[in-house]
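Residue numbering for the sequence shown follows my numbering, starting at 89 and increasing by one per position.
Contents: one structure, followed by commentary.
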Amino acid sequence: MDMEEKPKYGEPKKFDPDFKGPIQNRGCTDIVCCIFFIVAIVGYVAVGILAWTHGDPRKVIYPTDSMGLYCGQGKLEKQPLLFYFNMMKCASPMVLLEFQCPTPQVCVEKCPDRTMTLVTAVGKTQDWEYYKSYCRADPGTKSVPQILQEKLCPAYLISSKPFLQRCFPSLGKKGEVITVGDQETFNDGDKIRDAKDLVAGMKNATIVMEGRQVAMKIFEDYTKSWYWILICLLIAVVVSLIFIVLLRYLAGIMVWVMIVMVIAVFAYGIVHCSIKYVNLKDTPGANITLQQLGFQPDFSVYLHIRQTWLAFIIILAILEVIIIIVLIFLRNRIRIAVELMKEASRAVGYVMSSLFYPIFTFFLLTIVIAYWGVTAVFLSTSSEPVYKVFNETVCPHARETCIPENFTLSNMKRDCPRSECLFAFYGGETPYHKYLIFLQFYNVFLFFWCANFVTALGQMTLAGAFASYYWAPNKPNDMPAFPLCASLGRSLRYHTGSLAFGSLILAIVQIIRVLLEYIDHKLKGAENKFAKFLLCCLKCCFWCLEKFIKFMNRNAYIMVAIYGKNFCRSARDAFFLLMRNVIRVVVLDKVTDFILFLGKLLIVGLVGIFAFFFFSGHTDAFKGAAPSLHYYWVPILTVLVGSYLIAHGFFSVYAMCVDTLFLCFCEDLERNDGSATRPYYMTTELRDILMKGTDAAQTPTSRDVAMQLTALDKTMEN
89 MDMEEKPKYG EPKKFDPDFK GPIQNRGCTD IVCCIFFIVA IVGYVAVGIL AWTHGDPRKV
149 IYPTDSMGLY CGQGKLEKQP LLFYFNMMKC ASPMVLLEFQ CPTPQVCVEK CPDRTMTLVT
209 AVGKTQDWEY YKSYCRADPG TKSVPQILQE KLCPAYLISS KPFLQRCFPS LGKKGEVITV
269 GDQETFNDGD KIRDAKDLVA GMKNATIVME GRQVAMKIFE DYTKSWYWIL ICLLIAVVVS
329 LIFIVLLRYL AGIMVWVMIV MVIAVFAYGI VHCSIKYVNL KDTPGANITL QQLGFQPDFS
389 VYLHIRQTWL AFIIILAILE VIIIIVLIFL RNRIRIAVEL MKEASRAVGY VMSSLFYPIF
449 TFFLLTIVIA YWGVTAVFLS TSSEPVYKVF NETVCPHARE TCIPENFTLS NMKRDCPRSE
509 CLFAFYGGET PYHKYLIFLQ FYNVFLFFWC ANFVTALGQM TLAGAFASYY WAPNKPNDMP
569 AFPLCASLGR SLRYHTGSLA FGSLILAIVQ IIRVLLEYID HKLKGAENKF AKFLLCCLKC
629 CFWCLEKFIK FMNRNAYIMV AIYGKNFCRS ARDAFFLLMR NVIRVVVLDK VTDFILFLGK
689 LLIVGLVGIF AFFFFSGHTD AFKGAAPSLH YYWVPILTVL VGSYLIAHGF FSVYAMCVDT
749 LFLCFCEDLE RNDGSATRPY YMTTELRDIL MKGTDAAQTP TSRDVAMQLT ALDKTMEN
């Protein structure tokens, strides 16, 4: 239908006698963006298929031998460990550049548990059979010089232990002297060396694999604790549902209970941290500073330091004081916000299915995140093995790319007889590999776009359902039979383009923020102070811009749900409407958001405390049930983040309901004057909350008029 001309800033709207709330006769909005979004999704699927065709996640999970074969996979299934012929070659600086030691490597069943040389092993049948298990191929009857020249077997074996699926020498100490296999020296087949000569090689190899070690341990912890993580998240779902249901029937009491419990949870955290801080007073090594300790992949180490608990005490105390001060200053506004929550509870009561809609949103977001994660892994592992020439002496072809199948007949082998063609890293020179970084960028960008689209769909669906409650003259009789399903259908059928448009704007800002973070990471060691300052300002500006766009998108989706206009016009209408009611926005709407935020913190705090005592094993009641983990903070952080997302999902229903009712209320005030011919659509309770102390508080609402007309009809019948 034709809507009236929009008023200028600060002017009320003209009355529209045909307006009856969310219109049903709609047209498709932002069609161009809808088509663009569909094309982008098709491209995203194509990128995924391309990645799954070329990718192989085994490249980041299993070690690779000199021929590019995976240890522990296929025909090497019974040989899961990687053995280095000469660990001292790993001391080369090239290891840190090419992530590969310039020495032959083979997959073995177990690491050597004794120290011997090739020369001594050849003369003993039993030792020789054991030694051959660490050779690249069966040396047959070849002599020792031939074996070493062809690099079929290592010149020596050293007692080793598996670490990160690799065999590293078993180094120890006798006083201040480094030992290997309880010996201070070893024979490398050429001369006697000190055990300390192995340290540099082990250090470089460890640096290269340290990141993978942490990642694999974290993955291992997830495999052991996923069941308990799901239970904790299920507890968060149950607690959130209980809070939401209680809010429906006991809104006033539950708000004050939430406020008191949040203060109590923070107070308990302060007390617990204080006890830990005091108990560590006489513990040896507990008084060192966090700066002296440095970064440790095992976060549990930090919990044995007093300064860690002192930091926790300070952070929790600051948060506690801030919350108490805010509550003191907002005490009168909170009473009004509580009444607004009661009205929102009535609206939710008529649209009970809205309480479970976040589960649908969470399901869609899970699909988006899983698709992005799997595609990212396959893209990062879709490179091909690259082989390079390694030589112990000067060689003109050193570090050049080679082909192992014909290397023995190549000019490289002829010019450098002692050189080897060994696996170096994963890469590629094809057009696909050259543009791999752009595919990764596209994957990240579409992830943001799709995730924002799913969130926007949830917001518009809920807004449409609650708007149908507000604009019903006789609540709930004039509401649709299934308001949530009807709103979801309208959003997808008519406003997919508007959802895609708003999501695209937000995704562009988010990807810019990601690029700024990447640049900031690259400039960590830079000395240019101006560049750092400029980057910091840009990060701050784009963070503020993202928050503003999220706020505007949310209100724009509400206006789209009500009027069915395109995104830009709806965003403009919402902005000016909020500006004309800016005092109410700050005083009521944002205070309600603060109360809901406290509710989220309460659920996260309760579930987080339970997860901490369960996974850390600090309580005897859970010691038998808790899994043995490398880093118990991994499942705890997962539970905290997951609990917040779950609580945010459920409380977002109330937040969306409050925002929708508030925006509809502002529209109602501008369209109607409360007269018998132009009654307010708001309920009497909402009118009393938001118009307390004004003459309009005594004016009739649409429900009052409907009740009066019903009574008049009955009188005339009598």
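We treat Cβ as the ideally placed atom computed from N, Cα and C, and that holds for glycine.
Taking the beta strand (DSSP E) that residue i falls in, what are its first and last residues?
| i | result |
| --- | --- |
| K239 | K239 -> no beta strand (DSSP E), and no H or E assigned at all. |
| Y720 | Where Y720 is concerned, there is no enclosing beta strand (DSSP E), given that its DSSP letter is neither H nor E. |
| K249 | S248 to F251 |
Are residue i and residue j close, meaning C-beta to C-beta below 8 Å?
| i | j | result |
| --- | --- | --- |
| L550 | V325 | no |
| Y365 | W397 | yes |
| V135 | N531 | yes |
| K305 | Y719 | yes |
| L604 | K627 | yes |
| Y645 | M548 | yes |
| F535 | L510 | no |
| C121 | L428 | no |
| L694 | V327 | yes |
| A544 | K430 | no |
| Y582 | G115 | yes |
| K312 | P564 | no |
| F448 | A139 | no |
Going by C-alpha distance, which of the options is nearest residue i?
| i | options | result |
| --- | --- | --- |
| V462 | Q528, G546 and S579 | Q528 |
| A553 | S313, T748 and Q167 | T748 |
| R487 | F495, I596, W216 and Y475 | Y475 |
| T203 | E197, S442, G162 and K249 | K249 |
| F251 | A225, K212, D226 and K198 | K198 |
| P484 | I126, M500, L453 and A399 | M500 |
| K163 | L407, C195, L138 and D681 | C195 |
| R601 | L633, N616, L580 and R578 | L633 |
| I149 | I455, T726 and E308 | E308 |
| F630 | A659, N616 and V597 | V597 |
| E595 | T449, N641 and V679 | Strictly speaking, residue 595 in this sequence is Ala, with Glu absent from that position. The shortest C-alpha separation from A595 is found at N641. |
| M744 | P568, L684 and E773 | L684 |
| L666 | F753, Y337 and Y732 | F753 |
| A435 | K212, F124, L335 and V670 | L335 |
| L774 | F750, E758, N760 and R759 | F750 |
Go through its chain and collect everything with a Cβ distance to residue i's Cβ below 8 Å, but skip five positions before and after it.
| i | result |
| --- | --- |
| L206 | Y219, V232, I235, L236, C241, P242, A243, Y244 and G277 |
| I724 | G696, A699, F700, F703 and S704 |
| N806 | Because the pLDDT of N806 is 47, which lies under 50, any placement of that residue in the model is unreliable, and the question is left without a value. |
| K802 | With a pLDDT of only 49 at K802, under the threshold of 50, the placement of this residue in the model should not be trusted; the figure read from the coordinates follows. Around K802: no qualifying Cβ. |
| L728 | V692, V695, G696 and A699 |
| I358 | I401, L404, A405 and E408 |
Excluding the 5 residues flanking residue i on each side, which residues of the same chain have their C-beta closer than 6 Å to its C-beta?
| i | result |
| --- | --- |
| D566 | A560 |
| E193 | Going by the sequence as given, residue 193 is Gln instead of Glu. Excluding sequence neighbours, Q193 sits near D153, S154, L170 and Y172. |
| L415 | none |
| V350 | L686, L689 and L690 |
| C255 | L169, F171, C199 and S248 |
| L622 | none |
| D661 | M647 |
Would you list the residues sitting across from residue i in a DSSP beta bridge?
| i | result |
| --- | --- |
| Q167 | Its beta-bridge partners do not exist; DSSP assigns none. |
| Q193 | Y172 |
| E508 | F478 |
| C490 | Y475 |
| F256 | K249 |
| M204 | L245 |
| Y390 | Answer by DSSP bridge pairing: none, since Y390 is not bridged. |
| Y158 | T152 |
In the DSSP assignment, the alpha helix (DSSP H) including residue i goes from what residue to what residue?
| i | result |
| --- | --- |
| K501 | N499 to D503 |
| K364 | A339 to N367 |
| C656 | F655 to R668 |
| R394 | R394 to F417 |
| R642 | K617 to Y651 |
| V532 | L524 to Y558 |
| G696 | K678 to S704 |
| T229 | No alpha helix (DSSP H) holds T229; DSSP gives it neither H nor E. |
| R578 | P571 to Y582 |
By Cβ distance, which residues of its chain are closer than 7 Å to residue i, with the 5 residues on each side in sequence left out?
| i | result |
| --- | --- |
| V756 | Per the sequence shown, residue 756 should be read as Asp rather than Val. Excluding positions up to five away in sequence, the list reads Y768, Y769 and M770. |
| K108 | Residue placement at K108 is poorly supported in this model, since its pLDDT is 47, which falls under 50; the coordinates are not used for a value here. |
| S586 | T117, D118, V648, N654 and F655 |
| V439 | A553, F554, Y557, P571 and L572 |
| D144 | T469 |
| P151 | C159, L170, Q253 and R254 |
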